[in-house]
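Here's the structure we're looking at; comments come further down.
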Amino acid sequence: MQQVQAVIARTKGSPVEVVTINVPDPGPGEALVKVQACGVCHTDLHYREGGIGEDFPYLLGHEAAGVVESVGDGVTDVAPGDYVILNWRAVCGECRACRRGQPQYCFNTHNAKQRMTLADGPDAGTELSPALGIGAFAEKTLVAAGQCTKVDPSARPAAVGLLGCGVMAGIGAAINTGAVTRGRSVAVIGCGGVGVAAIAGSALVGANPIIAVDIDAQKLRTATRMGATHTVDSSQVDPVAEIKRISAEFYEGADGADVVIEAVGRPETWKQAFYARDLAGTVVLVGVPTPDMKVPDLPLIDVFGRGGALKSSWYGDCLPSRDFPMLIDLYLQGRLPLDAFVSETIDLDAVEEALDRMHSGDVLRSVVVL
Ligand code: APR
Ligand code: ZN
Ligand code: ZN
């Protein structure tokens, strides 16, 4: 067992704290990872606010890259010294989804079996709940070996760790779930880290036009930097009409974009996405709604009459073992601007301030560098 510094959310709504935690040596199927960088994601904020569960204290952080320090019995896929991105869907290989060849929908993903615990104070020994089964705002963390995906070690940790969650969700929403490709028009509603990643993914595969929609002018400027060909400020104009107008400029007769990606997670913006797609087009919901939100009231004939597909995208329908190494190679070749997602690098003790800053227009990702 080792003791390291880590960021926890002790109770609902209270500021996060840096504390000392106990990290067990890896058991069978587990890996101990020395964390090098971990991005600050909305999900960490949702954990702190009790929006995901009541299993406090949470060990936060889940968009991380690091180096495997040691592995437990039976681990053959990764070895000490491997440079890895942590993922939160280590597939089992045995459930119905895995067996039918769709491991991206695995129903039984793995996490470490042993628990990390608080080291000090009256609560010493209390088991921690790692965010998304990772818990990487920590000098070292214990995960299932399958949560480690080996990538090219020359890639910068602060940038590549982001593929572990939000950036992968956005890129995957476009290229996996939406099957975006050249010759297709795309609109992305919501240009935070996830939406901008969907834009970068759409640009990577040659989509045109790529229409960015947001209510914040600064986010739209970022979207342009990341590959959007057009921007729509939906606080000023009707985004549905604008998406239809721009799409028709590129493809005669188009009545919307081929793929519309909703990266806000709200019924109103999902409804805009629904009506902004062309006939037989695809809507991809990658923004995460809250449990109280409802599907907007739509005439069923509109669902039928427009054909196409209404999809949701979990983690960008990614398969870490397939997608992470490929995307890191493209990054190293200068074809995927992962560095542009890193707005600032911070220390472990600055996570609370970073959570507060998350909604300001100029931060895509704050990244803890260890
Ligand atoms: N119309 C258009 N854009 C909107 C609207 C709206 N009505 N409301 C908010 N937005 C924009 C915000 O201005 C912001 O740029 O949506 C963006 C949301 O971005 P972030 O808050 O940075 O969130 P992000 O990290 O991109 O995640 C997006 O996916 O993972 C989930 O929980 C996450 O639901 C969130 C979503
Ligand atoms: Zn499975
Ligand atoms: Zn995340």
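Here this note's numbering runs 524 ahead of the position in the sequence shown, where the first position is 1. Ideal Cβ positions, reconstructed from N, Cα and C, are used throughout, including at glycine. Owing to the predicted nature of the structure, the values given are computational and were not obtained by experimental measurement.
{"Check": "Determine the DSSP secondary structure at V582, reduced to helix, strand or coil.", "Outcome": "With the sequence shown as reference, residue 582 is identified as Tyr, and Val is not the correct amino acid for it. Y582: strand per DSSP, three-state reduction."}
{"Check": "Ligand 2 and V764: does the residue's C-beta get closer than 6 Å to at least one heavy atom of that ligand?", "Outcome": "no"}
{"Check": "Starting from C562 and walking both ways along the beta strand (DSSP E), at which residues does that stretch end?", "Outcome": "E554 to G563"}
{"Check": "What separation, rounded to the nearest whole angstrom, lies between the Cα atoms of S612 and C689?", "Outcome": "The amino acid occupying residue 612 in the given sequence is Trp; Ser does not appear at that position. Each residue's alpha carbon lies about 8 Å from the other."}
{"Check": "Exposed or buried, what is N632 when buried is set at 16 or more other beta-carbons lying within 10 Å of its beta-carbon?", "Outcome": "exposed"}
{"Check": "Around ligand 3, which residues pass a check of Cβ closer than 6 Å to any of its heavy atoms?", "Outcome": "C565, T567, H586, E587, C689 and G690"}
{"Check": "Determine, using beta carbons only, whether A752 and I734 come nearer to each other than 7 Å.", "Outcome": "yes"}
{"Check": "Just list the alpha helix (DSSP H) runs in the region 581 to 659, keeping only unbroken ones of 4 residues or longer that don't cross its boundaries, in chain order.", "Outcome": "620 to 623"}
{"Check": "Between which two residues does the alpha helix (DSSP H) holding I825 run?", "Outcome": "L824 to R830"}
{"Check": "Is R572 helix, strand or coil when you go by DSSP?", "Outcome": "helix"}
{"Check": "From S678, D871, R708 and T793, pick the residue whose C-alpha is nearest to that of L854; which is it?", "Outcome": "S678"}
{"Check": "Check whether the region 640 to 659 and the region 539 to 553 touch, using three or more Cβ-Cβ pairs below 8 Å as the test.", "Outcome": "yes"}
{"Check": "Which residue wins for smallest C-alpha separation from G805, given the options D782, Y571, P813 and G789?", "Outcome": "D782"}
{"Check": "Helix, strand or coil, according to DSSP, for Q742 in the structure here?", "Outcome": "helix"}
{"Check": "Under the criterion of a Cβ to heavy atom distance below 6 Å, does T793 qualify as lining ligand 1?", "Outcome": "yes"}
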